[in-house]
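If you're matching them up, the sequences are chains A and B in order. All the letters of the first sequence, read from the start, carry residue numbers 1 to 424 under the UniProt record's numbering. All the letters of the second sequence, read from the start, carry residue numbers 1 to 716 under the UniProt record's numbering. Ideal Cβ positions, reconstructed from N, Cα and C, are used throughout, including at glycine. Just so you know, these numbers come straight off a predicted model, no measurement behind them.
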Amino acid sequence: MSVSAVFVLDLKGKVLICRNYKGDVDMAEIDHFLPLLMTEEEEGVTCPIMMHGNVHFLWIKHTNLYLVATTNKNSNASLVYAFLYKLVEVFTEYFTELEEESIQDNFVVVYELLDELMDFGFPQTTDSKILQEYITQEGAKLEVAKTKVPTTVTNAVSWRSEGIKYKKNEVFIDVIESINLLVNANGSVMSSDIVGTVKLKTMLSGMPELRLGLNDRALFALTGRDKGKTVSMEDVKFHQCVRLSRFESDRTISFIPPDGESELMSYRINTHVKPLIWIESVIEKFSHSRVEIMVKAKGQFKKQSVANNVEVRVPVPSDADSPKFKTSTGHAKYVPEKNLAVWTIKSFPGGKEFLMRASFGLPSVENDEMEGKPPITVNFEIPYFTVSGIQVRYMKIIEKSGYQALPWVRYITQSGDYQLRSNF
Amino acid sequence: MPYLGGEETVRELRRALSNPHIQTDHLRYRNTIHRVIRLMSQGVDVSGLFSEMVKACATGDIVQKKLVYVFLCSYASVNPELSLLVINTLRKDCSDPNPMVRSLALRNMCNLRLPGLCEYVEQPLTAGLKDKAACVRRVAVLGWAKIHALLPNTEIDAAVVNELYGLLRDPDPVVMVNCLRALEEILEEEGGVAINKPIAHHLLNRLKECDVWGQSEVLSVLQRYRPRSEDELFDILSLLDPALLSHHVPIMAATLRLFLSLCSMLPAVCVSALERARGPLLAAAGSSSRELRYAALCHIQLLLRSEPGLMGEHYKRFYCGYAEPPYIKQSKIQVLVELVNDDNVAVVLDELKGYCTDVNTETSQAAINAIGSIGRSYDDRCLGILTGLLELKQEHITSAVLQTLRDLVWVSPQYGDAVCSALEKWEDQLQDTQGRGALLWLLGVYGDRLSGAPYILEDFIDGVRSEVSAEVKTELLTATLRVFLSRPAETQDMMGRLLQHCIEEELDMCVRDQALLYYRLLHCGIEDVRRVLQCGRRSDLSLGPLIGRPPEPISQWASIFNTLEPLMLGASSAGNSDPSTLTPYTLTSHSEPMTSDPHLMTPNLSSTLSPEEFERLWLQTEKGEFLEAYVMCPVPRCSPESLQVALQLVNIQTLAFTAPNKLPWKISTTPPNTLILAEVLQAGGDGVKKVKEELIEDQENEREESTNTHILITPC
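Okay, structure coming up:
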C-alpha cells in the first residue's frame, strides 16, 4: 500500500487539513474530488473509488467530513480503506466526536497524529493507546509537552505500559450481542445472525495475566466435558493482546489486557434464532385519500426479561399528512423528515403483544415519483440476556504481586440491522 | 473571517513573531504560531512568514517544533534558499539526546523535499540507521526512500543498500518492514528487494511480530520468492495456512494472494486455499464498513470467475439491505447472478424482483439485466417477471426490460412467442434512446407475429424528423425493412417515406449510407434483401463463449488480486449494462512491476498518429510477424451488439465476429478489394503505456495478407 496524501474535507469540499506524504501527486488534484463526486451522485453511481487523470481518490465519509486518500499506484485498496477507518478510530478516541468542529479545534493534535500515523505513505504507529502516551491534548497547552519516549514504542507488550497502579483492582466485562435480521414481505426469515462482542474495562495494577472462560462448544468438545448449553462461534476476532497460538491449540483465551476500555473479541453466530421482536403489519393504501397502518409487535423472548427502549419505525409515503395514532401501549409519533411513523415502547416484557394503528391522509394529487419500499426497522435492547446463550464461566486474574481482583460481568442483547420488509 | 484580510493578517503576524516581547513570552509566542498554522490550514498563503518561522524552530518545546516543521515542509518548495537556514537547526536536533527530537528532525529534513539539500541530509541519515532508538531508525530507513524519490537518477550508495539489507534483521519489527518498503522503492528498477532463501525464511519467522500493515507488506513482498523445492514450498504454505483464516481482512487477502502466486503451478492447492478463505471472505463481504464491503465484493466477483461454485450455498449473504448504497447493491446483484443454481433459482429470482423497483435507476436496471442473464439458463419464470415489469409503466424500467428482452431472445430464440405476446399490447412512448433501439429491434425481428408492429413503426417514422439519435434511426431503417419483408402491403408506403427522408434530408452520414445501402439492396430483388436481413435473426451457436463463460484460470487475475484494480473493474461494470457509459481506465506504474501483467493496455481515445506515420510504422513491422493484443475491455457477459458498441467507443471497429476455433478475419480465403487493417500500437514511454490505434484502408491487400495481422478480441 502506498498513499500519496491524506485529506480531510468538509462537505463543501474545502480542505480542513491535509498531509502530503509522498509528494508524487499534486496537492491541487483534490480540487477535482468534489466535482467528481457531485457528478457521480447526480447520476446515482457513486463509488468509493474515483479517478481523475492517473490519480485515484479513495474516500470514506464520516459525519460531516470526507476522508480522502490519493494515490497514483495500483496499491492495495482495502488496506487504504482500513487505514482511513483507522484514522477515524484514532481521531474519535482523541476527540470523542470526529466532525468538522473537532478537527478545527484540535488542528495541532491532528497534525501531530498525521505525522505519527504514517510516513512516506506507509502506516507507522497506529495504535491509539500508544499514541496517547506521547501525543496529548494537554501538550497543546502551556506545560512543556512530555518529551520522554514512551516505553511502549520498544516494549515487548506494546499495548500496555508498565507501572500502572489502581487502589481497587477490578475488571468489567460486557458481553453485547446484536441481532441482524431480514424478514421478507410474506413473513419468512431470509437471514439472521448474531454479532457478539466482549468488551473490557480493565482497572488492574501491574502486568496482570488474564484468562477468560466461555461456554465455547469447540472447547468443550476438545476437553470432552459437556455441561449444559454451549455455543459455537464463527469468525472469532481478537484484540492483538490475545495469544492466538494458545487459542488455536486449546481454545484458551489468555492475554495481558490493555489498560482502560478495549474490545477483547468479537464473534458471529450463524444459527437461526426466533426473532426476538416479531412484527406483523398491514398497510393499506387508498390512493388519493389515506393510508391505514396496523402494526402488531410481539415479544418472543422469556417472560422474565424486558426489552427496553423499543422503537418500531414504520415507513409512510412521503406525501402523507394529518397523522392519527392509537396504541395499546407506548406512544407513536410522525417524523415527516424521515417519512416514518415511530412507535416507542419504553419497556416491553417478554411474551406480550401490543398493537398500534395509524392513519394518514394522502393528497388528491398524487406524487408521481416512484418511491422505494423501505422496510420496517426495530430498535431494542434486552439487558441481562444473551440470545446465543453465551456465558462467561470464569475470569482468572493472576498478577505477580498476588492481589485479589474482582471481575464484573454484564450481558446485553440489542438490535443490529433488524429489518422486516413491508408490503405496501 | 480571517482570510478576507489575508495580507493584513500576515503583516500583523510577522510583527508579532519578530516582537522580542512576544518571543520571550513562551505562551504568546506559541499562540502566534498556532494562528499561523491555522491560517495555513485554512488555505491562506502565509509563505511570507518563512524566515520568521525558521527562527521559531529553535525551541525546546516539542509541540511548537512539530508545528513549525509542518509549516516549513509546506512552504519549503517556495523558499528553497531560506530553507538552507533550517538545515542547521535540523542537523543540531539530529544529535539531540531525546530520540523523539532526533526522529522528528530526521523525518522533516527529508520532508522538505528539496533535491538541493540532499547532500546535507545524507550524513544524518547514515547516522540515523545506527541510532540506538528504534523510532529514529524507523525514520532513517524511510528517509533513504525519500531521498531516492527526490533524486531518481542518482544511485543510492551501495553501502547504504547493504546496511538496509542488514537492518532487515533489526529487532524492531517496524524497522524491518520499513526496510522492506524502502528497498522496494530504491531498487524498483532492479525489480525490488532481492528475496533469497535466508531473507524469506527470516521474514516468515518474524511475520507474527508485525502489525496488520506490516504483515500485509511482508506477505506481498514474499510473492516474489520462489521456493527451491517442493518440500520448502509446503513448509511455507503450512506456516501461512492459519493466516488464511485470519479475521484481519487485509492479512487474509494478502495471504491468499501469496498462496495463489506461490502455487500457480498447483491449481488444486489454489482451489483449496480459496475454499479455506471462503469464511473470512464472506465475513469481509458483510463488514460494517461499506467501502471494505465493496472491496470484498469486487474481489469475490474476481474469484467467481474461476470458481463459480465457491459461494453457491451462501447466496443469502449477498441479499441487499434497503439502506445499502447503490454500488454495493449492484455488485451484490452481479454476484447473485453467478450463484444461481437449480435449487435456489426461484428464491433468488424472487429477491431480484424486489430490486427491480429500486429507487436508484442504475440498481433497478442492474436487477433487470440480472434476471435476463438468469433467463438464459433458467425457465420462463424470468420472462414472466420481466413482462410483468412492463406493466409498471415506469420509463426507466420499461427501457431496461426491453433491452434485456432483446439480448435474451437473441440468445434464446425460443422465448420469441412470450416476448411477442408481451409486446402485443404495446402503446407506450419511450424517451430513452437505448430502450427505443431495443424496441425497434424487437419489432423488426417479430414484425410478422406482432399485429401492431407497422403502426408502432409508423409513429416512429412520422417522428423521424425530430429524432436526434443516429442509433435509433439506423435501427428504425433495419426494422422497417424487416417488417416490409413479412408485411409488404402495410409497410411499403412508410418505408418509402423513411428511405426518402434518410437519403435526401438526413445529415448523419452513417444513417444516410445505411439508407442508401438498403435502397440499392431493394433494387437487387427481394430474395437478396431477405438473405441479407434475415440471416442475423438467429444466434450463432458458436458464440457460446460470449454467453456462458467457461471458468477462467486463476492466473488470469491472481496478479491483480488485493490491489486497486478489481475495484476499478467493479466500478466500470457495476450496473453498466449500457456500454456507452463505460470508462476506459488507466493505471500507470504499478507498485508491482508492470511486466507481470502485459495484458493490461489502455486504448488512447484521441489517436494522434497521422495516416502517413502509421503507414511508415506499419511497413517497418516484419513480414510474418504475428501481432496479438489483448485489450482489457470491461464488458462481461453482454450481447455481441453491446460488445461491438463498447469497442466502437474505444475506437475499435469490429467487422465481424468469428467462431472461437476459427482464424479471425479470414483474409486469405476471400481477398477483398479494400482491406481494412487494424493495429494496436504500444509506444513505450517512461513507464507510461500508451496505445494508439488507427484504422486505415490499405490498397495493397495482396502483400499485407501474408502478415496475418489481426486484433484478437477477448472479452475478459
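Handout entry: Other residues of its chain near B:D528: CB distance less than 8 Å, five sequence neighbours each side excluded
Key = L521
Handout entry: Exposure of B:Y455, with buried meaning 16 or more beta-carbon neighbours within 10 Å
Key = exposed
Handout entry: A:E231 and A:I390 closer than 9 Å at C-beta
Key = Note on identity: in this sequence residue 231 of chain A is Val, with Glu being the wrong assignment. Going by C-beta atoms, A:V231 is nearer than 9 Å to A:I390.
Practice task
Pull up the CB-CB distance for B:S41 and A:I397, whole angstroms please, since I reckon it's below 8 Å.
Solution key: Not confirmed; about 46 Å, so no contact.
Practice task
Answer with yes or no whether the minimum CB distance from A:C47 to chain B is below 9 Å.
Solution key: yes
Handout entry: Alpha carbon of B:S229 to alpha carbon of B:I236, nearest angstrom
Key = 11 Å
Exercise for the section: Would you tell me roughly how many angstroms separate the C-alpha atoms of A:D174 and A:V387, rounded to the nearest one? Expected result: 14 Å
Exercise for the section: Check whether the Cβ atoms of B:K130 and B:L104 lie closer than 9 Å to each other. Expected result: no
Practice task
Grab me the residues of A:R393's own chain with a C-beta within less than 8 Å of its C-beta, minus the 5 sequence neighbours each way, in chain order.
Solution key: G213, L214 and N215
Practice task
Have a look at B:G372, B:H523, B:L408 and B:L423 and flag the residue whose alpha-carbon is nearest the alpha-carbon of B:E391.
Solution key: B:L423
Exercise for the section: Kindly list, in the order they appear in chain B, the residues whose Cβ is closer than 7 Å to that of A:P123. Expected result: W213
Exercise for the section: Select from A:Y85, A:L65 and A:N64 the residue whose C-alpha is nearest the C-alpha of B:S287. Expected result: A:Y85
Problem - Partner residues on chain B for A:F247, Cβ-Cβ distance less than 7 Å - result: Under the 7 Å cutoff, chain B gives no residues; its nearest Cβ is about 11 Å from A:F247.
Practice task
Give the secondary structure of A:W408 by DSSP, where H, G and I count as helix, E and B as strand, and everything else as coil.
Solution key: strand
Handout entry: chain B contact residues for A:G196, given Cβ-Cβ distances below 9 Å
Key = What A:G196 touches in chain B: nothing, since even the nearest Cβ is about 14 Å away.
Exercise for the section: Would you tell me roughly how many angstroms separate the C-alpha atoms of B:G74 and A:I30, rounded to the nearest one? Expected result: The residue you asked about is not Gly; residue 74 of chain B is Ser in the sequence shown. Roughly 16 Å between the two C-alpha positions.
Exercise for the section: Can you give me the Cβ contacts of B:D170 inside the same chain, cut-off strictly under 6 Å, excluding the 5 residues immediately before and after it? Expected result: M176
Exercise for the section: Could you spell out where the beta strand (DSSP E) holding A:C18 opens and where it closes? Expected result: V15 to N20
Handout entry: Neighbour list for A:Y66 in chain E, Cβ cutoff strictly below 7 Å
Key = The structure shown contains no chain E; its protein chains are A and B.
Exercise for the section: Could you tell me whether the Cβ of A:T70 comes closer than 9 Å to any Cβ of chain B? Expected result: no
Exercise for the section: Kindly confirm or deny that the stretch 371-378 of chain A and the stretch 320-335 of chain A touch, where touching means at least three C-beta pairs closer than 8 Å. Expected result: no
Exercise for the section: Determine the direct distance from the alpha carbon of A:S254 to that of A:W278, and round the result to whole angstroms. Expected result: 39 Å
Problem - Cα-Cα separation, A:T152 to B:G214 - result: Unreliable placement is indicated for A:T152, whose pLDDT of 49 sits below 50; the coordinate value is still reported in the next sentence. A:T152 and B:G214: Cα-Cα distance of roughly 18 Å.
Exercise for the section: Would you tell me roughly how many angstroms separate the C-alpha atoms of B:N108 and B:V249, rounded to the nearest one? Expected result: 33 Å
Exercise for the section: Within its chain, find whatever has a CB closer than 6 Å to the CB of B:V631; leave out the 5 residues flanking it on each side and keep chain order. Expected result: Reliability fails at B:V631, whose pLDDT of 38 lies under 50, so the model's placement of it is uncertain and no value is given.
Problem - A:R357 and A:M294 closer than 9 Å at C-beta - result: yes
Problem - Residue-level contact to chain B via CB, A:R268, 9 Å cutoff - result: yes
Exercise for the section: Please go through the same chain and pick out, in chain order, the residues whose beta-carbon is closer than 6 Å to the beta-carbon of A:P275, but skip the five residues on each side of it. Expected result: L181
Problem - Listed by chain order, chain B residues near A:D24 by CB distance under 8 Å - result: A149
Practice task
Tell me where the alpha helix (DSSP H) around B:P99 begins and ends.
Solution key: P99 to N111
Exercise for the section: Give a yes or no on whether 9 Å exceeds the smallest Cβ distance from B:T563 to chain A. Expected result: yes
Problem - Beta-carbon proximity check, residue 725 of chain B vs B:V86, cutoff 9 Å - result: In this structure chain B extends from 1 to 716, so residue 725 of chain B is not present and cannot be described.
Problem - Partners in chain A for B:P242, counting only beta-carbon separations shorter than 7 Å - result: E248
Practice task
Give the single residue among B:C118, B:C110 and B:L125 whose Cα lies nearest to the Cα of A:D119.
Solution key: B:C110
Handout entry: Span separating the alpha-carbon of A:T125 from that of B:D61
Key = 22 Å
Exercise for the section: Could you tell me whether any Cβ in chain B is nearer than 9 Å to the Cβ of A:V144? Expected result: In this predicted model, A:V144 has a pLDDT of only 39, less than 50, meaning its place in the structure is not dependable enough to derive any value.
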